[in-house]
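*Asks:* I'd like to ask some things about the structure below.
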Amino acid sequence: MLDLCDQIFVLLKHWMLGWPIWPESVKPLVSILLSIVPIMLVFAGLFAIMTVLERKGLGRIQNRYGPNRVGPYGFLQFAADGIKALTKEDVVPRAADKVIHFLAPLVLIVPVFLAYSVLPFGRNMVPMDIDAGVLFFFAVGAATELAVFMAGWSSRNKYSLLGAMRAIAQMVSYEVPLIVSTITVVMMVGSLSTVKIVEAQADYSGQWPQWHLFTPWGFAGFVLFLIAAMAESNRSPFDLPEGESEIVAGYFLEYSGFKFALFFLAEYLGMFAVSGMAVTLFLGGWTAPLAFLSWLPSWLWFFAKLMALIFLFIWARGTVPRMRMDQLMNFAWKFMLPMALINILAAGLWHFLPAGMGRWMACSAVIGIPYILLGRGLVGGKQFAKRTYRFAE
Amino acid sequence: MLGEGIIKGLAETARNFVGSYVDEDRLTTVQYPEERLPAQEAARNFPFLLFDGNDPHAGLRCVACQICERECPPQCIYIEKSKDKKPDYVGKPQFYPAVFDIDISVCMSCQICVEVCPFEAIKMDTEFELSNTDRFGGLLLDKHQLAKSNEYYHKIHPTEAAGVDSRLAADKAKVEAKARADAEAKARAAAAKATALPTLKAAPAPEA
Numbered sequence: 030m031l032d033l034c035d036q037i038f039v040l041l042k043h044w045m046l047g048w049p050i051w052p053e054s055v056k057p058l059v060s061i062l063l064s065i066v067p068i069m070l071v072f073a074g075l076f077a078i079m080t081v082l083e084r085k086g087l088g089r090i091q092n093r094y095g096p097n098r099v100g101p102y103g104f105l106q107f108a109a110d111g112i113k114a115l116t117k118e119d120v121v122p123r124a125a126d127k128v129i130h131f132l133a134p135l136v137l138i139v140p141v142f143l144a145y146s147v148l149p150f151g152r153n154m155v156p157m158d159i160d161a162g163v164l165f166f167f168a169v170g171a172a173t174e175l176a177v178f179m180a181g182w183s184s185r186n187k188y189s190l191l192g193a194m195r196a197i198a199q200m201v202s203y204e205v206p207l208i209v210s211t212i213t214v215v216m217m218v219g220s221l222s223t224v225k226i227v228e229a230q231a232d233y234s235g236q237w238p239q240w241h242l243f244t245p246w247g248f249a250g251f252v253l254f255l256i257a258a259m260a261e262s263n264r265s266p267f268d269l270p271e272g273e274s275e276i277v278a279g280y281f282l283e284y285s286g287f288k289f290a291l292f293f294l295a296e297y298l299g300m301f302a303v304s305g306m307a308v309t310l311f312l313g314g315w316t317a318p319l320a321f322l323s324w325l326p327s328w329l330w331f332f333a334k335l336m337a338l339i340f341l342f343i344w345a346r347g348t349v350p351r352m353r354m355d356q357l358m359n360f361a362w363k364f365m366l367p368m369a370l371i372n373i374l375a376a377g378l379w380h381f382l383p384a385g386m387g388r389w390m391a392c393s394a395v396i397g398i399p400y401i402l403l404g405r406g407l408v409g410g411k412q413f414a415k416r417t418y419r420f421a422e
Numbered sequence: 425m426l427g428e429g430i431i432k433g434l435a436e437t438a439r440n441f442v443g444s445y446v447d448e449d450r451l452t453t454v455q456y457p458e459e460r461l462p463a464q465e466a467a468r469n470f471p472f473l474l475f476d477g478n479d480p481h482a483g484l485r486c487v488a489c490q491i492c493e494r495e496c497p498p499q500c501i502y503i504e505k506s507k508d509k510k511p512d513y514v515g516k517p518q519f520y521p522a523v524f525d526i527d528i529s530v531c532m533s534c535q536i537c538v539e540v541c542p543f544e545a546i547k548m549d550t551e552f553e554l555s556n557t558d559r560f561g562g563l564l565l566d567k568h569q570l571a572k573s574n575e576y577y578h579k580i581h582p583t584e585a586a587g588v589d590s591r592l593a594a595d596k597a598k599v600e601a602k603a604r605a606d607a608e609a610k611a612r613a614a615a616a617k618a619t620a621l622p623t624l625k626a627a628p629a630p631e632a
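First to last, the sequence lines map onto chains D and W.
Taken in order, the first sequence gives residues 30 to 422; the numbers are from our numbering.
Taken in order, the second sequence gives residues 425 to 632; the numbers are from our numbering.
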């Protein structure tokens, strides 16, 4: 029974594929569709709920109620927003490059959806188990930068262009620590396949899971990955490309109606995808957090961890103000990248030292000491004191 | 150490997040249509016409002098004077406005009409829920919509209304005292005339 619950979606797909209405020749196509359509529906639905939950959560952080008018507790707000976006006039600037302007949101949304194809949502629930799953994920993830620049460039608006240029600078910079922090996991598991990475974390020592998070290099890698993921998905405090207060809305300033909604959707779906990747790499994918909880369906655990990470994203957004461009770049190149590189060294040490307390101490020191020193380098030398003013005589 | 500030900040926002569910006092939002703040006495929005008693026509204080119409900076008041007269609060026959319209889509709530009115007939209202589906006709208020009782005025601006009432009462008392004095003087004159009558009878009456 529990096994059935765990595998229900897999069995459902096989059952639907077994219907005699499909000719043998279209069966591969049907199989693909049966994988794609649920993903698109589930994550679009998650996007809808998350927009409401985010607004409510941010509201609570600021001691407000948040949306509570449409439907019970305001949970139908997304429907109202969707209808508004669909019925709004679609304005295209006269000077815009119309073809690219039209294509940009589509080019953005396609790679974002493609990224889901390698995420293992549960036991035996991976749409596409390819050997280079992680590589594929980051390859399609990098394609979103193209779309962002297409949007900013084709709008022919200085704010859009500024936003797009900021986006490129930021995304290229943070792509490096994002991938370098992933390398540790690939090194330790010895595979680029997301399924293998999850399987490597599926064992338990007693009740405790053997997730990568619970190792020094895994913890450091997870934090680095999460920070870089925030920057990759243009979330606050790294939302400079949008920067409402300085460049209005950045690269999607000249988009209205449903195209704007598509950008919004792509931003959230990108956030979910990268959170799903963080879950797969560091939080043990679909495995239960404690051994005796393994009877719960695996997909439930995946989505629980995903929601927890998304909550972390929202929490960070409600806490940290937007960074300045030079701070952003300094942070990426002077802190994130060295730390990610040192983390590779720590992972190597972890692999070659014999298991035990000594290994823990050595790895923690290799990560901790540069952390403190680099942190001093970023913060150090700055004296924060009450500002004194000199007035003209 | 790097990251300390972020941890502190996260703790602070978490405290706010949880606190807003635990402690109702944290949420300062007044959920407007269901909840309202108590009305402020000093609030003002658009003018209205005051009437005494129960009949908006008989008690209307406005005498159609048209000062407010002339003084109104955005020219949102339109008045037509009546042909006949009706007694005002002291009983003196006065004109009244046959038509008194205020276009509140034009009105800028400057209160100049209130300040220039010598009859305490026009005052500022606090009613703000005036949204309307007809943006021309619906926002042009006529005499019947504008007329509001003195009790209503007392309700929205108690201190101001008490001052106005005492002033009007003093005026009325003065007028009545003057009338009484006039009447007495007349009576005295008549009496004096009556007493003087016999002596004057012989002489030819100059007034006649």
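Yeah, the Cβ is synthetic: ideal placement off N, Cα and C, and Gly gets one too.
If we define contact as Cβ-Cβ less than 8 Å, is Ser444(W) a contact residue for chain D?
*Replies:* Residue mapping note: residue 444(W) aligns to position 20 of the second sequence, counting from 1. Chain D contact via Cβ: present.
*Asks:* Please confirm if the region 114-126 of chain D is in contact with the region 180-194 of chain D, defined as three or more CB-CB distances below 8 Å between the two stretches.
*Replies:* Judged by Cβ distances under 8 Å, the region 114-126 of chain D makes contact with the region 180-194 of chain D, as three or more pairs qualify.
*Asks:* Hey, Leu137(D) and Ala176(D) are a contact pair by Cβ (cut 8 Å); roughly how many whole angstroms apart?
*Replies:* Working through the first sequence from its first residue, we reach residue 137(D) at position 108. Working through the first sequence from its first residue, we reach residue 176(D) at position 147. At roughly 4 Å, the Cβ-Cβ gap stays under 8 Å, so Leu137(D) and Ala176(D) are in contact.
*Asks:* State buried or exposed for Phe281(D), treating a residue as buried only when at least 16 other CB atoms are found within 10 Å of its CB.
*Replies:* Mapped onto the first sequence, residue 281(D) falls at position 252. Buried: at least 16 other Cβ atoms inside 10 Å.
*Asks:* If we define contact as Cβ-Cβ less than 8 Å, is Trp48(D) a contact residue for chain W?
*Replies:* Taking the first sequence and counting its residues from 1, the one referred to as residue 48(D) is at position 19. Not closer than 8 Å to any Cβ of chain W, the Cβ of Trp48(D) fails to qualify, so no.
*Asks:* Please work out which residues of its chain come closer than 7 Å, Cβ to Cβ, to Ala260(D), disregarding the five sequence neighbours upstream and downstream, and give them in chain order.
*Replies:* Position 231 of the first sequence, counted from the start, is the residue given in the question as residue 260(D). Same-chain partners within the cutoff: Gln199, Tyr203, Phe267.
*Asks:* Given a limit of 7 Å on CB to CB distance, which residues of the region 328-357 of chain D reach chain W?
*Replies:* From the region 328-357 of chain D, only Trp344, Gly347, Thr348, Val349 have a Cβ closer than 7 Å to chain W.
*Asks:* Mark Val442(W) as exposed unless 16 or more other C-beta atoms lie within 10 angstroms of its C-beta, in which case mark it buried.
*Replies:* For the purposes of this step, residue 442(W) is taken as residue 18 along the second sequence, with counting starting at 1. Per the 10 Å Cβ criterion, exposed.
*Asks:* How many Å lie between Gly192(D) and Ala180(D) at the Cα?
*Replies:* Mapped onto the first sequence, residue 192(D) falls at position 163. Mapped onto the first sequence, residue 180(D) falls at position 151. Whole-angstrom Cα-Cα distance: 10 Å.
*Asks:* For the beta strand (DSSP E) containing Glu504(W), name the first residue and the last one.
*Replies:* For the purposes of this step, residue 504(W) is identified with residue 80 of the second sequence, where counting begins at 1. First-last of the beta strand (DSSP E) with Glu504(W): 501-505.
*Asks:* With DSSP collapsed to three states, give me the class of Trp240(D).
*Replies:* Taking the first residue of the first sequence as 1, we reach residue 240(D) at position 211. Three-state result, Trp240(D): coil.
*Asks:* Based on DSSP bridge pairs, tell me the residues matched to Asp527(W).
*Replies:* On the second sequence, residue 527(W) is found 103 positions in, with the first residue counted as 1. Beta-bridge pairing links Asp527(W) to Leu564(W).
*Asks:* Since Thr550(W) and Ile580(W) should fall inside the 8 Å C-beta cutoff, what is the C-beta to C-beta distance between them, to a whole number of angstroms?
*Replies:* Within the second sequence, residue 550(W) is the residue found at index 126, counting from 1. Within the second sequence, residue 580(W) is the residue found at index 156, counting from 1. That belief holds up - the Cβ atoms of Thr550(W) and Ile580(W) are roughly 5 Å apart, short of 8 Å.
*Asks:* Evaluate contact between the region 78-96 of chain D and the region 238-254 of chain D, counting only Cβ atoms and requiring at least three cross-stretch pairs below 8 Å.
*Replies:* With a cut-off of 8 Å, the region 238-254 of chain D and the region 78-96 of chain D do not count as touching, because too few Cβ pairs lie within range.
*Asks:* Quick one: list the residues of chain W neighbouring Arg93(D), beta-carbon separation under 9 Å, in chain order.
*Replies:* Residue mapping note: residue 93(D) aligns to position 64 of the first sequence, counting from 1. Result: Ser444, Leu451, Thr452, Thr453.
*Asks:* Should Arg419(D) go down as buried or exposed, given a rule of 16 or more other Cβ atoms within 10 Å for buried?
*Replies:* Counting from one through the first sequence, the residue named residue 419(D) turns up at place 390. Result: exposed.
*Asks:* Determine whether the Cβ of Leu434(W) lies closer than 8 Å to any Cβ atom of chain D.
*Replies:* Here residue 434(W) refers to the residue found at position 10 when the second sequence is read from its first residue. It does; some Cβ of chain D falls within 8 Å.
*Asks:* State yes or no: is the beta carbon of Leu407(D) nearer than 8 Å to at least one beta carbon in chain W?
*Replies:* What you label residue 407(D) is simply residue 378 of the first sequence in a count that begins at 1. Chain W, which has a Cβ nearer than 8 Å to the Cβ of Leu407(D), makes this yes.
*Asks:* Report the residue ranges of all beta strand (DSSP E) runs contained in full by the region 126-154 of chain D; include only those spanning at least 3 residues, in chain order.
*Replies:* For the region 126-154 of chain D, not a single whole beta strand (DSSP E) run of length 3 or above is found.
*Asks:* Take the Cβ of Lys288(D) as the centre, count every other Cβ of all protein chains shown within 10 Å, and call the residue buried at 16 or more, exposed below.
*Replies:* As a first step, residue 288(D) must be located in the first sequence, where it is residue number 259. Classification for Lys288(D): buried.
*Asks:* Please state whether DSSP places Ala632(W) in a helix, a strand or coil.
*Replies:* Counted from its first residue, the second sequence places residue 632(W) at position 208. Caution is warranted here: a pLDDT of 48 is assigned to Ala632(W), below 50, making its placement in the model unreliable, and no coordinate value can be reported.
*Asks:* For Val155(D), is the classification buried or exposed, using 16 other Cβ atoms within 10 angstroms of its Cβ as the cut-off for buried?
*Replies:* The residue you call residue 155(D) lines up with position 126 of the first sequence. So Val155(D) ends up on the buried side.
*Asks:* Relative to the C-alpha of Ser469(W), which candidate in Gln535(W), Glu600(W), Lys602(W), Gly477(W) has its C-alpha closest?
*Replies:* Here residue 469(W) refers to the residue found at position 45 when the second sequence is read from its first residue. Residue identity check: residue 469(W) is Asn in the sequence provided, not Ser. The option with the nearest alpha carbon to Asn469(W) is Gln535(W).
*Asks:* Is there a Cβ from chain W that is less than 8 Å from the Cβ of Arg89(D)?
*Replies:* Translated into positions along the first sequence, residue 89(D) becomes position 60. Output row for Arg89(D): interface = yes.
*Asks:* Does the beta carbon of Gly299(D) come closer than 8 Å to any beta carbon on chain W?
*Replies:* Taking the first residue of the first sequence as 1, we reach residue 299(D) at position 270. No, because no Cβ of chain W sits closer than 8 Å to the Cβ of Gly299(D).
*Asks:* Tell me which residues share the same chain as Ala317(D) and place their Cβ nearer than 6 Å to its Cβ, disregarding the 5 neighbours each side in the sequence.
*Replies:* To locate residue 317(D), count along the first sequence from 1; it is residue 288. Ser323, Trp330.
*Asks:* Whole angstroms is fine: what's the gap from Met79(D)'s alpha carbon to Val201(D)'s?
*Replies:* In the first sequence, the residue the question calls residue 79(D) occupies position 50. In the first sequence, the residue the question calls residue 201(D) occupies position 172. About 27 Å.
*Asks:* Which value, in whole angstroms, describes the spacing of the CA atoms of Leu75(D) and Lys415(D)?
*Replies:* Your numbering for residue 75(D) matches position 46 in the first sequence. Your numbering for residue 415(D) matches position 386 in the first sequence. When rounded, the distance between both Cα atoms is 46 Å.
*Asks:* Which term fits Ala394(D), buried or exposed, when burial requires 16 or more other beta carbons within 10 angstroms of its beta carbon?
*Replies:* Within the first sequence, numbered from 1, the residue matching residue 394(D) stands at position 365. Looking at its Cβ environment, which holds fewer than 16 other Cβ atoms inside 10 Å, Ala394(D) is exposed.
*Asks:* Could you name each continuous alpha helix (DSSP H) segment of 4 residues or more that falls completely within the region 320-360 of chain D, going from the start of the chain to the end?
*Replies:* As far as the region 320-360 of chain D is concerned, its whole alpha helix (DSSP H) runs of at least 4 residues are 327-348, 354-359.
*Asks:* In chain order, what residues of the same chain have a beta carbon less than 7 Å from the beta carbon of Ala594(W), not counting five sequence neighbours either side?
*Replies:* The residue labelled residue 594(W) in the question sits at position 170 within the second sequence. Taken in chain order, the list of residues that qualify is empty.
*Asks:* From the DSSP output, read off the bridge partner residues of Ser202(D).
*Replies:* By one-based count along the first sequence, residue 202(D) stands at place 173. DSSP output for Ser202(D) lists no bridge partner at all.
*Asks:* Rounded to whole angstroms, what's the CA-CA distance from Phe38(D) to Trp328(D)? Just pull it up for me.
*Replies:* Here residue 38(D) corresponds to residue number 9 of the first sequence, with the count starting at 1. Here residue 328(D) corresponds to residue number 299 of the first sequence, with the count starting at 1. Their backbone Cα atoms lie some 9 Å apart in a straight line.
*Asks:* Distance cutoff 8 Å, beta carbons only. Does Arg426(W) sit that close to anything in chain D?
*Replies:* Reading the second sequence from its first residue, position 2 is the one you call residue 426(W). Inspection of the sequence shows that residue 426(W) is occupied by Leu rather than by Arg. Chain D, which has a Cβ nearer than 8 Å to the Cβ of Leu426(W), makes this yes.
*Asks:* Going by alpha carbons, who is nearest to Gln464(W) out of Leu592(W), Glu600(W), Pro582(W)?
*Replies:* Residue mapping note: residue 464(W) aligns to position 40 of the second sequence, counting from 1. Nearest of Leu592(W), Glu600(W), Pro582(W) to Gln464(W), Cα basis: Pro582(W).
*Asks:* Nearest-angstrom Cα distance between Leu434(W) and Leu370(D)?
*Replies:* Within the second sequence, residue 434(W) is the residue found at index 10, counting from 1. Within the first sequence, residue 370(D) is the residue found at index 341, counting from 1. If I take the Cα positions, the gap works out to 27 Å.
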